[in-house]
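In mature numbering (1 follows the signal peptide of the UniProt record, and there is no 0), the protein residues as written are -28 to -1, 1 to 450.
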């Protein structure tokens, strides 16, 4: 053996010595134990999927797979009457057994491993139920910032999977009692391609749970009922399938409609009744009031139907709006009748009262100052002039005393201040009321219409009666 070969042998022995030392040091490193155990878990997953065929369901050709489901409702809404649909954010959970993924319990860092929690990316290599929502419209899985899903594998091969979904589902609504209605929105789901011979859906314990933070603007989630049906007819006519169904009982909140529609309509109807207390000769006032209230009720009726579909039947709100519109329109028509009978067949105005005596018989003295001047004057020429004018007036007009008396009453009325008239009206002075009535009769004004007097009682009483029937019927009977 030459020197070169001896050198190679020495180098080889040195390398082997170093490798042996490194291996002994690695055996004492606790991190290396973790690496070995992680390698064991990886090998376990690889062995599970090595001969695994995700195209075949578990127990293929044998008993059907039982898929247990439950739902946790995180939020709910909005609910659209126009689109007949609702939306909710849920955690949709499913559990089934796949014996091909069973494994033995092993120890990791001194603890028994009773389940494997791999990344949800492993799901693409495993068989999963083809669950779909029968009445789903536009549902999706949340993907921000990562796919919102996870799954667990137990030693017995039981797989537990949870996904965060936003479900948009159709909800056919019956709006005959809108807005005092209660709607039942359903959620139905099952297998898309498997019949009940291959897959059966059942509810897990705590079937449907809801968050306490659920709060909707127009509805209250009153109750939740669950149902299961193993003989639902499929769309393909290949047999029956198993489905699960949830019924959400949604009770509509009435506060918005009370403040925005019902109370304004009540006030508008009552305002239209004010015309029954307005003088029937005040045509502009009564017509303006009637038309204004009629247009206001029409505007509220149009705004009240916003957001509703174009239905062929009437709702409870439509009935109420037509009722209010009818009463406002009837108040306007009532004045037309009052005006017609006033102009054509009304009673004749009462005769004017007899002329009152005048302290000073000088009709052309239009002011009290002129009377005082005449009383204080000693001029016979002035008195003779006034007397001559008085004779001329009496010879030319037989009703001069009446005209002068009427003129003086008008002048006196003009001198009365507004606040004094208001105080007398509040006091209910009988003499003041009698004098005002006598002035109206003197000026030729008509009396209060009998139709107005009757309508002051008939309209409120009938409106209250109809409303009592309306509310009792829609709240308890119909």
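The beta-carbon is built from N, C-alpha and C at its ideal position, and this holds for glycine as well.
Beta-carbon gap between residue i and residue j smaller than 7 angstroms
i           : j           : result
residue 131 : residue 70  : yes
residue 436 : residue 310 : no
residue 224 : residue 153 : yes
residue 56  : residue 109 : no
residue 240 : residue 268 : yes
residue 164 : residue 102 : yes
residue 53  : residue 280 : yes
residue 141 : residue 107 : yes
residue 34  : residue 74  : no
residue 150 : residue 287 : yes
residue 244 : residue 260 : no
residue 188 : residue 49  : yes
residue 221 : residue 195 : yes
residue 421 : residue 258 : no
residue 124 : residue 181 : no
residue 27  : residue 37  : no
Of the residues the options, the one placed nearest residue i, counting alpha carbons only
i           : options            : result
residue 277 : 48, 292, 266       : 292
residue 248 : 236, 272, 307      : 307
residue 235 : 273, 97, 252       : 273
residue 232 : 271, 197, 261, 203 : 271
residue 177 : 439, 183, 198      : 198
residue 451 : 39, 266, 100, 104  : Summary: the structure shown does not reach residue 451, with the chain confined to residues -28 through 450, and so no result is reported for it.
residue 137 : 150, 126, 112, 242 : 112
residue 425 : 250, 83, 167, 99   : 250
residue 127 : 191, 68, 210       : 68
residue 167 : 39, 449, 432       : 39
residue 23  : 313, 438, 285, 99  : 99
residue 20  : 37, 285, 204, 76   : 76
residue 228 : 191, 300, 433, 256 : 191
residue 79  : 51, 95, 13         : 13
residue 485 : 439, 134, 445, 133 : There is simply no residue 485 to check, as the chain begins at -28 and stops at 450 in what is shown.
residue 246 : 203, 299, 204      : 299
residue 185 : 72, 282, 262, 47   : 47
residue 72  : 202, 238, 17, 84   : 17
residue 202 : 430, 90, 162, 263  : 162
residue 139 : 59, 446, 444, 15   : 59
residue 297 : 238, 256, 284      : 238
residue 15  : 90, 51, 31         : 90
residue 93  : 84, 133, 85        : 133
residue 169 : 312, 427, 204, 135 : 204
residue 431 : 448, 450, 407, 302 : 302
residue 51  : 193, 84, 282       : 193
Opening and closing residue of the alpha helix (DSSP H) in which residue i lies
i           : result
residue 223 : Premise fails: residue 223 lies in the beta strand (DSSP E), 212 to 224, not in any alpha helix (DSSP H).
residue 116 : Looking at the DSSP string, residue 116 is not in any alpha helix (DSSP H), and its letter there is neither H nor E.
residue 439 : 422 to 444
residue 239 : 235 to 244
One or two residues paired with residue i in a DSSP bridge
i           : result
residue 79  : 84
residue 458 : Outside the displayed range of the chain (-28 to 450) lies residue 458, so it cannot be described from this structure.
residue 263 : Residue 263 pairs with nothing; no bridge assigned.
residue 126 : Note: residue 126 sits in no beta bridge, so no partner.
residue 140 : 59
residue 131 : 68, 125
residue 51  : 58
residue 44  : 63, 181
residue 309 : For residue 309, which the question treats as bridged, DSSP gives no partner whatsoever.
residue 279 : In DSSP, residue 279 forms no bridge with anything.
residue 108 : 141
Boundaries (first-last residue) of the beta strand (DSSP E) holding residue i
i           : result
residue 62  : 57 to 69
residue 158 : 154 to 163
residue 286 : Careful: residue 286 lies outside any beta strand (DSSP E) and carries neither H nor E.
residue 192 : 191 to 205
residue 104 : 103 to 105
Cutoff 7 angstroms: residue i Cβ touching any chain B Cβ
i           : result
residue 103 : The question asks about chain B, but that chain is absent: this structure has only one protein chain.
At least 3 beta-carbon pairs within less than 8 angstroms: the region 29 to 46 vs the region 59 to 71:
yes
For the 8 angstroms Cβ check, are there 3 or more pairs between the region 213 to 222 and the region 157 to 176?
The region 213 to 222 is in contact with the region 157 to 176.
With three or more beta-carbon pairs closer than 8 angstroms as the criterion, would you say the region 139 to 149 touches the region 116 to 126?
no
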